[in-house]
Structure formats: C-alpha cells, structure tokens
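Respectively, the protein sequence lines represent chains H and P.
First residue of the first sequence? That's 1 in my numbering, and the numbers climb one at a time after it.
First residue of the second sequence? That's 1001 in my numbering, and the numbers climb one at a time after it.
All residues carry an ideal CB built from backbone N, CA and C; glycine is no exception.
What follows is a single structure, written as structure tokens, with notes after it.
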Amino acid sequence: MDFGLSPAEQAFAEEVRDFLRAHPPETFPEDGTDAGYGSGAHSRPFTQALGERGWLSMSWPREHGGQARPMIYQLILLEELAAAGAPFGPLPGCLQVADSIIRNGSEVLQREILPQVARGDATFWQGYSEPDAGSDLLALKTHARLDGDHWVLDGHKIWSSHAGIATYGTVLARTDPASTRNRGLSMLMVDNRLPGMDVRPIRSLTGQVYHYEIFMDGVRVPRDWVMGKPGEGFGQLLKGLDTDRFWGRFYKAPFLRRILGLLVEYANAALLVDVVARRRLAHAATEIAALRALFYRAAWLIERGLPATGEVSAAKVMADELGQRVLSLGMELLGPYGVLRAGSRWARLRGEIEHQYQTSWGHTLAGGTSEIQRTTIAVRALGLPAEPRARG
Amino acid sequence: MDLSLSPAQQLLQHSARALLQQRCPPERVQELALDPRGFAADLWKEIATLGWPGLLIPLALGGSGGSVGDALALVEELGRACFPSPFIGSAIVATTALTTAGGRRARELLPALAVGERICTLAVLEESGRLDTDALAMPVAAPGRLTGRKLFVADAHAATDLIVLGRGLAGPTALLLPMDRGGIEARPLDSMTGDKLFELSFTNVDIRPDDLLGAPGGGGTLMAPAFRLGALARSAEMVGAAQRVLELCVEHARVRVQGGRPIGGYQAVQHACADLYRDVESARWLTWEAGWKLESRRSDADSAVAMAKAYCAEAALRVARRGHQIMGAIGYSEEHPLHLFHKRILAASLDAGDAGLHLETVARAIGLS
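Below, the structure written as structure tokens:
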C-alpha cells in the first residue's frame, strides 16, 4: 500500500500552491454563488486562469490537445483548490463533460467545444431532472425529433446548477417517441443562446440563485450535437453517474477540513475549548480523514477502470451527511453569532458557516438523494434484490 | 499511489482465510469463549509453523521481518474469523516493545516467540483503567521487590512471559519477567466478551537488574511504538470483524423471506446494509492509510493511528449494533456467531486506548489549545 505522491506529483501540488499564492482566490470576481460542495463560487475569470495554465485539459489525450496526465493530477489540483477555498465552481462539470465528449462526442463536438473548455470559456449545466422526474428520472417527458439536419427539442428541465450563467447544457431527452423508460433516450449538447431557450432562476433558501429551470420550446439542435449515437443516452448516463458522483463530491473532504480549521481557530480564540467541544472537533477530524481515505480508494478503482459504484455512492452519502454534521457543529460553536450573514457587523468567520450550513441541506438531495445512493449500494454493490417497481 | 495489497500480502490473507475457515469456525470460537481457561494451544502451534507469531520479528532473530502492512493484512483476517488468541498482545505489542528495547533478555526471548514456544503478555492497566503512563502508580525498581496489582491483563493463563509497566523513580519503567517468577498470581476476571482477562497480583516479587526492559524511566518512550502498533492492529481486527458482520447480514437479508420476498428487498433493510458497507469501507481505508503513514515514518503517523483507532471503534461498533437489528431474533441466540463478533469488536475498541484517549491525540494534532 502506498498512499503517497511521487516526486513529480508533489512538485505539481507545490506548483498549484504557488499559483494560488500568486493569484489569491479572493481577488477573482465571482459570477455565481458558492453551492457548498467544496468547489467554491462560480468564477469564470478564475476558471480561465486555470485554463491558461493548461490545467483544464491536462488529463485529456494528446490528440485532443491534452497532456495525457494521470487522474492523480486532477485529484491534486482539486484538493489544493478546495483547501484554499478557491472559486472553481464550474471546474468539476467541465471535467465531466469534456470526458464525456472525448468518449462519446461527435467529431464536431470535439472540434467545437473541447478548445473552449480548455480555455475556461465554456461551462455547462446538466439537464436531467424535470418537475415530475426526480428520483424517478426515467419518467422524464422532454423529447426531441429529427427534422432534416436538426433535432427539435421540447421540454422542461429543473434544478440545473448555474444554468443561467453557463454556455451549454447536456440535456437528456427522449428521441424515440415509441420508447419507454430507459430505451430511446439521447444526450444532446444544447447551446444556451439558441432560439427557444428560456432559462429562469430559482432563488434558493440561502437567498441566492444557484438553480435554474429551463423551458425548451422548439429548440433546433444540430443533428451531430448528440453524444454518441441516438438511443445511447441512458447507457451514457449510467456510465457517467459513478464518475459524476465522484467528481461532484471528491473535494468535500478538503473543504470540510478547511471549515474544521476555521472552527478550531475560532474555538481557540473564543476560549471555547471545553472537554465536549474538544472531543467533538477531534471526532469530526477523524470522520473527515475517513471520508478522504474512502474517496481515494474510489479514485484508485476508477483510474483502473474497476467497478466503484459502491465506494462512490458510500463516499457521496458520507460526504453529504458528514458535511451537515460539521456545519451543524459550527452553528453550535458560534452560538448566536452563527446566524449572522457575511457582511453583517458582528458576523464571525466571514459568515461562511451560516452560508455553508444552509447549502448543506441541498447536498443529500442533489446528484441522487442519499436514499437513492443507499439503494444503489444495496442492489449494485451488495447484490440485494431490487424492490419491485410500482405499476403506473 | 498504490492502494493494493502486495502479492505476498494477498497470499498471506488467502492462506490465513483458508486455514481459519477450516480450523477456527464460529463453533470453535464459541467453545473457547465459554471456557474460562480457553486457549487453542493446537491452533497456536499451527499458526507458529506458518510463521505468524514471528511476522514482526527480525530475520536475524528467527522471524520473517515483516512490515506494518503485512501485519495489518494478517490481523484483518484474524478479525474476520474472530480468532481468539494472544496474537495481538504477544506478536504485535510485546514483540514491538522487545524489538524496540533490544538487550540480552529481549534477544533471547524473541526467537522463542517467533516459533510459538513462548507467549508474552503485558501488565499495564491499574485500577484507574487508563492507558496513559501518567496514570501508572505501581512502584517498580530493579533490583528491588515488586508488590502491587495490575488489572485487565490478557491471556495470563497462556503466557510464559510478561512485560510490566510501572512507576520508577525516574519515570515509567518496564520490566520483563517470566510468568513463573515467585510471587506472581493470576486470577481470572469474568468478561462477557470471551476474552481471557486477569488480575495479576505481585507479592514481594524478586526483581533482578537484568529484568529491566529498556532504561529506567524510559518506559513511556519504549512502549509508545508498541501501543501505537497495537492500536492500529486492533483497528484492523475491528475492520475484519465488521466485514464479517456485514457479510452475515447481507447473506441473511438475501435468504430470509418475509411477506413473500427476501427482507433485503425492502428499502429499510437495504439502507441499513448500505450503512454497514460505508462504515466498513471507510474504516478499512483509514486504517491502511495510517499503516502507510506509520511505515513511511511520516510526522503525522501518531495522529493518523489515533484517528484510525477512534474511527474504527465507532464504525465497527455501529456495524455490530445495527447488525443485530438486521439479523433479527436469531442473532440474539448464543449459537449464532453475531454476538461473538460484536463482543470481539467491543473488546478491541477498549484495548490499546479507547476513543477518548485517541481523540485527545487528534485534538492536539488539529491545533486545539
């Protein structure tokens, strides 16, 4: 067993830290809210700065302009950025979509979109959930039909993160009207600027806008802007889900470690270190370390192309529930100061605990609820029989 | 980064699993647990021929000079089989103390431990029940006379040798004594876990100069690496035992039919099993990471081991306790193995420092003043 970094990998971690010192994260303007997963706020200038370093495309194959660097470099980058509280909100989505375009995308998509991703110019939203298709995603109603060289797309997506400030969406739509459930679905790449797109913000309980709903009315999507072949959408979705869940949560451990560091500092300064607080903070630190170890185990499996469904779902459940516990502990330690928003005269820790406490309640829902994850672990990793589907 | 077992470690795990499945089934564990003087001398001999007790003993002293990772790979299997033996006490903790201390007596004893001829236990805890050396009260001096009492001494009935940690004039001081030295008396404590724990009383025991293990007052430094590796080994043992509880529960959920389908087809049971899986996997990888940190002598190894021990105790106990709910009434019966694993995990969680002790190490490591 070796949990360590090679000299070259250590040098890369140092390079990222140098970059962060030269480009302090707080100096970049934010264009979208921090949703609390650990990837910070949405900042296009920061994403572009990462692009300038070649870090957005470093793991891509060379024929697509990448450097073919192993996955561990992405892990190092994300971990260092999260530890510094950098605003890299769009990055995980970019990595996932680029990976999917490289695996499944048409030549046109690869030529059109990958260079924009590499520069940090393109960011993405996911169009999966619908008002009546949440945990039961296959009940989706959005559909597209071929008309000459275009798909004509109609439907209504919801809970899509940052969709109003992103460039493109990956939209799951039924392309075979005769199909049901998991057949006849396709993943379309949809440009936000196309006529017929109506992207409307949904204000979150934090008071900020993170989610959007998207109305698509006769949107004409070029025929070759479909990922892979028509009808492969569900397979791509399933294949992508493990890695989506992984890349959507991997940096939660370093993020929580950063939050814990703030709480330790606060407790020391406020002379709050009684036996109980001490033990609870230490306990949180052990759980965060266990979460990180589990994520690294999942990463190791993913990099080797081995099944990691159980590990990834377990890590997601643990990350999101632990996050809620750590932020709840933070609210408790801060007492009456905990609820004061950033900018308020007496706010502590820049109001971060207040904000992240609120965002944490969405995490056990997003990307597949904790209940869906537990069912996935039980059925797919432990081999328990699937519950019979309700009729209808 | 390489999160896989070496080929040699895989071989060790496979042979350990095969042997223990055959020679140490739950019925045997149960029989040994119920016998107040239970000790599987035959099995100890058998594992000695395989070289297990000498795993951490240097080649020059008749052992196989194995690594921390080798020990974890083996101990995880011992936990999985709920193997009752003085292995962790003798082959991990006492062995580490003896190799750290060196000296003539240690060098004489280690080859005999390696071949399984002798077994060494430790007498540390006193009435306070606390592992930290500040809590030691029993006065020791070499040469001198030793009088006092130690509690929770494991496997005194099977041990031939004994490391005693007491308070010397210069600080914590360790002695190495043969169990048959005059004035040492062992009285069994009746533990529900099935572990063999004893009260040892020392009455005017003759202590000679060469009974000293390490330097006078150096007992704390001497024992620290041994306790650390013991805590890590107990973590791996709990991971193995919790893994087996998970397997028992999943198997039960697959075959137990109620309301026309296996209970594992109901979400309430599925989600409980998923939580067991999360606890086992996270505990395992935290333990292995700590093992790697210890082996590569990283500066945060101490706190990593403390985290592993505190986390594994909590996670594995959660697995055992939730396991009873999944298993239903059959798991409440003495003949079902679930309680054996539960009790082994409980015993391991208390040994080598409880969560409170280890979380204090973590608290200091994360900068709490």
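Any beta carbon of chain H sitting closer than 8 Å to that of P:Ile1163? no
Taking only three categories from DSSP, how would you classify P:Glu1373? For chain P, the structure presents residues 1001 to 1369; residue 1373 of chain P sits outside this window and is missing.
Closer than 7 Å by C-beta to P:Arg1284: which residues in its own chain qualify, once you throw out the five before and the five after it? Chain order, please. Val1239
For P:Ala1137, go through chain H and note every residue whose CB falls closer than 7 Å to its CB, in chain order. Simply none; closest approach about 23 Å.
What is the DSSP secondary structure of H:Met187, reduced to helix, strand or coil? strand
When you compare the CB positions of P:Gly1291 and H:Met189, do they come within less than 8 Å of one another, or not? no
Amino acids of chain P, ordered along the chain, whose beta-carbon sits closer than 7 Å to that of H:Arg278: Ala1363 and Leu1368
Verify whether the separation of the beta carbon atoms of H:Ser59 and H:Gly65 is less than 8 Å. Cβ atoms of H:Ser59 and H:Gly65: not closer than 8 Å.
Within 8 Å, strictly: CB atoms of H:Thr243 and H:Ile165: no
Can you list the alpha helix (DSSP H) stretches of 4 or more residues lying completely in the stretch 1003 to 1069 of chain P, in chain order? 1007 to 1023, 1026 to 1034 and 1041 to 1049
Using a Cβ cut-off of 8 Å, pull out every chain H residue sitting near P:Met1327, in sequence order please. Residues of chain H passing the Cβ test: none, with the nearest at roughly 15 Å.
Could you check the C-alpha separation between P:Ile1366 and H:Tyr357 for me, to the nearest Å? 22 Å
If you compare alpha carbons, which of P:Ala1306, P:Gly1265 and P:Pro1337 is closest to H:Gly383? P:Gly1265
Rounding to the nearest angstrom, what Cα-Cα distance links P:Gly1217 and H:Pro25 in this structure? 51 Å
What's the C-alpha gap between H:Tyr212 and H:Ala163? 6 Å
Alpha-carbon spacing of P:His1014 relative to P:Leu1055, whole angstroms: 16 Å
Pairwise C-alpha distance: P:Ala1135 and H:Ala270: 31 Å
Quick one: grab the DSSP three-state call for P:Pro1178. strand
For P:Met955, which beta-bridge partners are listed by DSSP? Residue 955 of chain P lies beyond the range of chain P shown here (1001 to 1369); nothing can be said about it.
Does chain P have any CB closer than 8 Å to the CB of H:Thr206? So, not an interface residue.
Consult DSSP for H:Ser100 and reduce its assignment to one of helix, strand or coil. Under the three-state reduction of DSSP, H:Ser100 is assigned to helix.
DSSP bridge partner residues for P:Ile1184 (one or two, in chain order): P:Phe1202
Any idea which residues DSSP pairs H:Tyr212 with across the strands? H:Ser160 and H:Pro201
Going by CA-CA distance only, name the one from P:Thr1147, P:Leu1357 and P:Glu1117 that's closest to P:Asp1302. P:Leu1357
Rounded C-beta distance between H:Ala41 and H:Gly89? I'm assuming under 8 Å. Contact holds; Cβ gap of about 6 Å.
Would you kindly work out how many angstroms separate the C-alpha atoms of P:Gly1323 and P:Glu1334, rounded to a whole number? 15 Å
Is the Cβ-Cβ distance between P:Leu983 and P:Ala1101 less than 8 Å? Absent from the structure is residue 983 of chain P, since the part of chain P shown begins at 1001 and ends at 1369.
I want to see whether chain P comes within less than 8 Å of H:Phe3, judged by CB atoms only; does it? yes
Is the Cβ-Cβ distance between P:Gly1230 and P:Val1068 less than 8 Å? no
Rounded to whole angstroms, how far is the Cβ of H:Pro87 from the Cβ of H:Ser43, which I believe are closer than 8 Å? 4 Å
At a Cβ threshold of 8 Å, is H:Trp281 touching chain P? With the sequence shown as reference, residue 281 of chain H is identified as Leu, and Trp is not the correct amino acid for it. Taking Cβ atoms only, chain P reaches closer than 8 Å to H:Leu281, which makes this a yes.
Does the structure place the stretch 342 to 361 of chain H close enough to the stretch 277 to 293 of chain H that three or more beta carbon pairs sit under 8 Å? no
Report the CB separation of H:Trp159 from H:Ser129 in whole angstroms; it is logged as a contact under 8 Å. 5 Å
For a contact defined as C-beta to C-beta under 8 Å, what are the partners of H:Val16 on chain P? Within chain P, no residue comes near H:Val16; the closest Cβ sits about 17 Å away, beyond 8 Å.
Please look up how many angstroms separate the CB atoms of H:Asp154 and H:Asp198, rounded, as I've assumed it's under 8 Å. The C-beta distance from H:Asp154 to H:Asp198 rounds to 12 Å, too long to fall under 8 Å, and the pair is not in contact.
Name the residue from H:His363, H:Ile372, H:Leu281 and H:Val312 whose alpha carbon lies nearest to the alpha carbon of P:Leu1359. H:Leu281
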